[in-house]
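Using full-length UniProt numbering, read the sequence shown as starting at 1 and increasing by one per residue.
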Amino acid sequence: MANNKLMRIGAFAKAANVTIRTVRYYLECGLLPPEKRNENNQRIFNDEDLHWITNLHYLREAGMSIVELQHYTALVREGASSLPQRIELMREQRKQVVAAIADKQEQLKVIDHKLERYLAGDSAVM
1 MANNKLMRIG
11 AFAKAANVTI
21 RTVRYYLECG
31 LLPPEKRNEN
41 NQRIFNDEDL
51 HWITNLHYLR
61 EAGMSIVELQ
71 HYTALVREGA
81 SSLPQRIELM
91 REQRKQVVAA
101 IADKQEQLKV
111 IDHKLERYLA
121 GDSAVM
């Protein structure tokens with residue numbers, strides 16, 4: 001791990017685009033690997049931790065609950081034997097994201113329609 005940059009919690013949170021509070025919460029929930037500390041007893045994180053929390057953050061933003069993330073994390077830690085369960089979990093999450101995108105596209109159509117009407121001078125449209 002010669003190229004593995006070590007970061008304290010503030011730099012780690014900033015690099016991951018999350019708050020320090022989120023990092024601490026993820027640690028409490030067991031979503032991050034057991035914490036490592038430097039000689040001054042400060043939490044330190046490496047590039048692998050950064051990659052992991054970034055993926056967790058994307059999955060969270062995609063609608064996975066903390067409980068689902070904990071389950072996913074446990075499956076990853078089990079290793080290759082859990083690959084079928086992880087595939088199924090990601091397939092289910094993908095379905096949910098696709099459905100959410102479809103909903104957003106419908107909402108966008110309504111907004112575009114309203115905008116089109118307003119720009120055409122139809123102020124009576126709700």
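C-beta: ideal position from N, C-alpha, C; glycine also. In this text the structure is predicted, and so the values were computed from the model without any measurement.
If we call anything under 8 Å between Cβ atoms a contact, is residue i one with residue j?
i	j	result
P34	D49	no
residue 192	Q93	Missing from the structure shown is residue 192; the chain here goes from 1 to 126 and no further.
R8	I44	yes
G121	Q96	no
Residue i bridges to which residues according to DSSP?
i	result
F45	M7
K104	Answer is none; K104 lacks a bridge partner.
K36	I44
Measuring alpha carbon to alpha carbon, tell me which of the options ends up nearest residue i.
i	options	result
G10	Q93, N46, N4, L31	N46
L27	I66, L59, L6, N40	I66
residue 135	R86, Q105, L6	The structure shown does not extend to residue 135, since the chain spans only 1 to 126, so no value can be given for it.
H113	V125, K36, K104	V125
Could you give the C-beta distance for residue i and residue j, rounded to a whole number, given that I count them as a contact under 8 Å?
i	j	result
V18	H51	Not a contact, Cβ separation roughly 13 Å.
T22	A15	No, T22 and A15 are not in contact; Cβ-Cβ is about 13 Å, not under 8 Å.
Y72	L83	Rounded, the Cβ-Cβ distance is 12 Å, inconsistent with contact.
L75	R86	5 Å
Can you tell me whether residue i is buried or exposed, with buried defined as 16 or more other CB within 10 angstroms of its CB?
i	result
I53	buried
Y118	exposed
L115	exposed
L108	exposed
N41	exposed
N4	exposed
S123	exposed
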